[in-house]
Amino acid sequence: MRSTILVAAGLVSRTLGHGDHGGSQQPMVSENADWITKHMAEEHHISDFDASSFFALHDYDADGHWESEEMLRTYGLFDDSNKHVPQSRRTEIEHELLGLLDTNGDGFVTRDEFVSFMASGRTLPDVGTGPGHHGDDEYEYEIHHWEKYHGDDTELEDLTHPEDIEHFKKHDMLDAEEERLEKLNKMAIVEDNIPSKFRRGS
Numbered sequence: 435m436r437s438t439i440l441v442a443a444g445l446v447s448r449t450l451g452h453g454d455h456g457g458s459q460q461p462m463v464s465e466n467a468d469w470i471t472k473h474m475a476e477e478h479h480i481s482d483f484d485a486s487s488f489f490a491l492h493d494y495d496a497d498g499h500w501e502s503e504e505m506l507r508t509y510g511l512f513d514d515s516n517k518h519v520p521q522s523r524r525t526e527i528e529h530e531l532l533g534l535l536d537t538n539g540d541g542f543v544t545r546d547e548f549v550s551f552m553a554s555g556r557t558l559p560d561v562g563t564g565p566g567h568h569g570d571d572e573y574e575y576e577i578h579h580w581e582k583y584h585g586d587d588t589e590l591e592d593l594t595h596p597e598d599i600e601h602f603k604k605h606d607m608l609d610a611e612e613e614r615l616e617k618l619n620k621m622a623i624v625e626d627n628i629p630s631k632f633r634r635g636s
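Just remember that this note's numbering sits 434 ahead of the position in the sequence shown, which is counted from 1.
Here it is in structure tokens:
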């Protein structure tokens with residue numbers, strides 16, 4: 435429980451100072467908006483952006499290129515919500531995006547290629563994988579649940595939604611595993627690591 439209280443307190447401070455979307459609420463967008471606009475609104479709470487800033491935000495390793503993995507991540511294909519998507523469909527999406535964006539065929543997408551693509555009046559397609567959940571667990575919980583249902587005055591006893599319970603259960607499991615590993619590291623010999631035939635009494 436102590437760890438849950440600490441995590442909850444940390445989430446309150448992150449909600450107040452989170453920088454990825456300025457602490458603002460999700461902008462309202464038309465049901466007919468394109469996928470990029472919906473993605474930026476739902477995942478980043480940003481409504482005012484250009485092609486260059488969109489590219490930079492999703493260039494996760496900041497190397498000036500989008501690799502296939504980065505594009506799939508932007509579409510939420512590494513999120514649990516899309517774990518059911520088969521590899522064959524992931525490969526199709528990868529090829530579709532490279533076909534649209536990689537004009538020189540080198541297997542990467544540069545900022546210039548993406549900006550030129552957008553300047554031509556085109557946009558990224560909706561490939562049916564949702565809004566593109568690509569943050570870590572903390573970010574996704576904060577932006578999709580905490581900001582909708584909680585606030586600065588939230589108390590620990592208010593965190594009763596199924597999403598809250600599941601989120602803090604994960605934290606408790608991680609804490610327990612961390613404690614277990616710390617205990618193992620303090621032991622001179624870890625008996626479980628010794629083959630059974632060499633153990634005393636075997």
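Glycine residues also receive a C-beta, built at the ideal position from the N, C-alpha and C atoms. Since the model is a prediction, treat every value here as computed from it, not as a measurement.
What span of residues does the alpha helix (DSSP H) with residue i cover, start to end?
i                 : result
phenylalanine 473 : Looking at the sequence provided, one finds histidine at residue 473 rather than phenylalanine. First-last of the alpha helix (DSSP H) with histidine 473: 469–473.
methionine 511    : As written in the sequence, residue 511 is leucine, which differs from the methionine given in the question. Here leucine 511 belongs to no alpha helix (DSSP H), and DSSP marks it neither H nor E.
threonine 525     : 521–535
aspartate 546     : 545–553
serine 486        : 485–491
Since residue i and residue j are thought to touch, with beta carbons under 8 angstroms apart, how far apart are those beta carbons, to the nearest angstrom?
i              : j             : result
tyrosine 509   : threonine 544 : With 8 angstroms as the limit, tyrosine 509 and threonine 544 do not qualify as a contact, their Cβ atoms being about 19 angstroms apart.
methionine 474 : serine 464    : No, methionine 474 and serine 464 are not in contact; Cβ-Cβ is about 13 angstroms, not under 8 angstroms.
glutamate 547  : aspartate 536 : 7 angstroms
proline 565    : glutamate 476 : 4 angstroms
arginine 524   : leucine 511   : 6 angstroms
Given a threshold of 16 other Cβ atoms within 10 Å of its Cβ, counted over all protein chains shown, does residue i qualify as buried or as exposed?
i              : result
aspartate 514  : exposed
methionine 505 : buried
arginine 507   : buried
histidine 518  : exposed
lysine 631     : exposed
leucine 615    : exposed
aspartate 493  : buried
Rounded to whole angstroms, what is the Cα-Cα separation between residue i and residue j?
i                 : j                 : result
threonine 557     : phenylalanine 542 : 17 angstroms
glutamate 501     : lysine 472        : 22 angstroms
phenylalanine 483 : proline 629       : 58 angstroms
glycine 532       : histidine 567     : Looking at the sequence provided, one finds leucine at residue 532 rather than glycine. So the two alpha carbons sit approximately 20 angstroms from each other.
lysine 617        : alanine 610       : 11 angstroms
tryptophan 469    : asparagine 538    : 25 angstroms
alanine 496       : histidine 479     : 21 angstroms
alanine 553       : glutamate 526     : 25 angstroms
alanine 490       : phenylalanine 551 : 15 angstroms
serine 486        : valine 549        : 6 angstroms
phenylalanine 488 : lysine 603        : 34 angstroms
glutamate 600     : methionine 607    : 11 angstroms
proline 520       : glutamate 530     : 16 angstroms
asparagine 466    : aspartate 540     : 33 angstroms
glycine 498       : glutamate 612     : 36 angstroms
glutamate 462     : serine 522        : Going by the sequence as given, residue 462 is methionine instead of glutamate. Between methionine 462 and serine 522, the C-alpha separation is close to 34 angstroms.
valine 561        : glutamate 503     : 15 angstroms
asparagine 516    : glycine 555       : 29 angstroms
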